[in-house]
Amino acid sequence: MSCHKETICSITALLISAFLTVQSFQYPAESSHFPRFLTILMTFLSVMMVFRNWKSQNTDNSSGFKSTELKTLFIVVTLTILYVLGIYYIGYFVSTTLFLVIMMRSFGHPKPFAMALAVFIFLATVYVLFVVFLGMHLPKALLI
Amino acid sequence: MGQIFTGISSGLTSLANPYVLFIIFIGTVFGVVIGSLPGLTSTMGVALVVPVTFGMSPVLGLALLGAIYCSSTYAGAISAILINIPGTPANCCTLLDGYPMTKKRESGRAVALATVSSAIGGFLSIFALLFLAPPLAEIALMFGSQEYFLLAIFGISVIASLSETNMIKGLWSGALGLLLSVVGMHPLTGDFRFTMGIEELYNGLPLVIALIGLYSIPEVIGTLSGMAKMTSQATGVKGSIMGQMLEVFKHKMLLVRSTIIGIVVGIIPGAGSSIASFIAYDDAKRISRDPSAFGKGTAEGLIASETSNNAVVGGSLVPALTLGIPGNAVSAVLLGGLMVQGLRPGPALFTDNSSIVYGFIMTLFVSNLVFIPVGIFVARYGIKLIETPPTILAPLVVALAVIGTYAINMSVVEIYIMLAIGIIGYLMKTFNVPREPLVLGLVLGSMAEGELARALLLVHDDIFALIRGMLTSPLSLIIIGLTLYSLWRGIKKQFIK
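So the sequences go chain by chain: G and D. Going by my numbering, 88 is the number at position 102 of the first sequence; the sequence numbering is gapless. In my numbering, each residue carries its 1-based index in the second sequence increased by 12.
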């Protein structure tokens, strides 16, 4: 995918600002003076970005998105969402172990011993610091 | 003055007790651990220990709380430098130059600089507390709602300097940060804004969650997708550590200026360490011979940030001890610890309980020295973490971000919020939209809106009366002047070449 990054940036900023402006006008006036001012300012700044990008279009050929980064973003976000769901339904320690191992393997880490050691040290540290020392209650689920 | 020296001598006798020194050491270790973990704040660390002080003598209890306050404020620099996640909000400016130094294989130097800068800022601010508490407290009382609002605007004007390379994007980012700060309930009317029906947002967007998301997720993605070129390699805190630490003294004027900024911001109730950090950073950039080096791993940026945020410690205790008005959340909790010991803050505190108060102040001096070896020791092993392959380190950072976010309010929904902010942070990094103005907007926005609303209430919503009040108040005029100068400097650099 080859995209003009600055064009996408400025148009995205404009769309976000416009959406937030519409949202801010849906709240009662006495509690939204400040948000309205900010969203209008953001819209104005977005228009300036679009205008400046349009003016410099002939000279600026910035590269598009890197597909490796998009792929990494997708993997990280998906795994983290599944991880958080896992904490809620399976339990913190089991889901953290699975998450760490799957993510390390996804990015090609070859040494099982190093992975196991890292997971053990991390979980032990979390248990001692957060659970024992700080008395934090981790979510109760099917497993630990 | 005679009373001060009498108090100092009685305070020094407290230090002769080995239990006091031991408690300071314990508090320092605890504070360093708490501060260096993202998601755990100084306020949390001090609050957790207040019940423990119930059974202690006043000096021991206050020494413990003070040691945690000093060391946790500093220790957030360790994670900011090593893994680009500020341990506490006070260190969000530290990563601007701290993490680039790690990328340049100078993590040891960065940690050494941060440690000594923090110690100096904290140490000097305690002198201010000791000798200048009453007059500084008078200045704190002069700040009303309009001055607070103007102070927030002055802080926001720093955005113009932070986003020098692309001011329009920086201002947009700052405005977005301000907008994120108004998420939740209006401070006076009680109306909910931008919550999207999510209960966890009714009280606003927690700053720590935003910091964790904004800086951890984009860095993880960048590290994992660019593994062919290792970006974070550390050098240890070893060898010429003394040389690395003493480098701080090449910037004496910077140390003094940043300390003064930290003390002044600290005495203003509600202003906070993160504001001091940004203002000092901006000031350092302005007077630097090479402003373009800021943000790329310059010692000056790191020193300014760390000196000022620890200088807030002494400053925040000035109104707390003399007037009973806490300078920030941590000093508010510390006041609670004070009252648990049967001490009432106020002008009489320094006369009726001089041995305890001056003993506490003396222990703060010691705390600012003890965290130097403790911090360097922790950092030595923290730096080994950076030598871990990115395929192991990056997943651990995500897991740490998750548990750190959960630790704040024990809410799973907030983890999703952190992740969403992380995606926003990644997009901002991809599109070269600076994130620091967003952080600054988030820090200052709620203060700006809340104080503006209160100021308008005082003048019965008469905006002209408010403007008249600002133009006739000397303090307001000073802040307005500083703001206009800051904005002009940013505009001049960006648009007038």
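Glycine included, C-beta positions come from ideal geometry on N, C-alpha and C.
When Cβ pairs closer than 8 Å are counted between the two stretches, the region 428 to 442 of chain D is seen to touch the region 228 to 235 of chain D, the count reaching three or more. Counting every other CB atom within 10 Å of its CB across the protein chains shown gives residue 158/D a total of 16 or more, marking it as buried.
Sequence-distant partners of residue 101/D (beyond 5 residues in either direction) whose C-beta falls short of 6 Å from its own C-beta, in its chain, are 219 and 286. A Cβ-Cβ distance of about 5 Å is found for the pair residue 454/D and residue 192/D, placing them in contact under the 8 Å criterion.
At least one CB atom of chain G sits nearer than 8 Å to the CB of residue 181/D. Rounded to the nearest whole angstrom, the CA to CA distance from residue 49/D to residue 480/D is 46 Å. The DSSP-derived three-state label of residue 205/D is strand. For residue 43/D, the enclosing alpha helix (DSSP H) covers residues 30 to 48. One finds 90, 93, 94 and 95 in chain G with Cβ atoms closer than 8 Å to the Cβ of residue 403/D, taken in chain order. According to the DSSP assignment, residue 19/G belongs to the alpha helix (DSSP H) that extends over 19 to 41. By the Cβ criterion, the region 178 to 196 of chain D is not in contact with the region 57 to 77 of chain D, since fewer than three pairs of Cβ atoms, one from each stretch, lie closer than 8 Å.
By the CB criterion at 8 Å, residue 226/D and residue 61/D fall outside the cutoff.
At least one CB atom of chain G sits nearer than 8 Å to the CB of residue 461/D.
Residue 300/D and residue 6/G have their C-alpha atoms roughly 38 Å apart. A distance below 8 Å separates the beta carbons of residue 127/G and residue 76/G.
With respect to residue 44/D, residue 390/D sits close: the two C-beta atoms are nearer than 8 Å. Residue range -9 to 10 is occupied by the alpha helix (DSSP H) that includes residue 9/G.
Counting along the chain, residue 78/D sits inside the alpha helix (DSSP H) bounded by residues 70 to 95.
Take the alpha-carbon of residue 315/D and the one of residue 295/D: they are about 12 Å apart.
Closer than 8 Å to the CB of residue 198/D there is at least one CB belonging to chain G.
Bridge partners of residue 197/D according to DSSP: 204/D. Nearest to residue 212/D by C-alpha distance, out of 423/D, 486/D and 292/D, is 423/D. Apart from sequence neighbours up to five positions away, the residues of its chain that approach residue -4/G with a beta-carbon distance below 7 Å are 32, 35, 36 and 39, ordered along the chain. From the beta-carbon of residue 38/G, the residues of chain D found nearer than 8 Å are 180. Residue 410/D belongs to the set of residues whose beta carbon lies under 8 Å from a beta carbon in chain G. Taking a C-beta distance under 8 Å as the contact criterion, residue 187/D and residue 28/G qualify as a contact pair. Residue 485/D carries a coil assignment under DSSP once its states are collapsed to helix, strand and coil.
Contact check between the region 271 to 278 of chain D and the region 126 to 146 of chain D: three or more CB pairs, one atom from each, fall below 8 Å, which counts as touching. Contact annotation: residue 111/D and residue 72/D have beta-carbon atoms that are not nearer than 8 Å. In this structure, the CA atom of residue 99/D is about 6 Å from the CA atom of residue 91/D. Every alpha helix (DSSP H) of 4 residues or more that sits fully in the region 342 to 420 of chain D is shown, in chain order, as 361 to 364 and 366 to 398. Distance from the Cα of residue 413/D is smallest, within the candidate group 82/G, 102/G, 99/G and 98/G, for 82/G.
In its chain, beyond the 5 residues on either side, 468 have a beta carbon closer than 8 Å to the beta carbon of residue 475/D. Using beta-carbon distances, residue 233/D counts as an interface residue toward chain G, with a partner under 8 Å. Residue 308/D carries a coil assignment under DSSP once its states are collapsed to helix, strand and coil.
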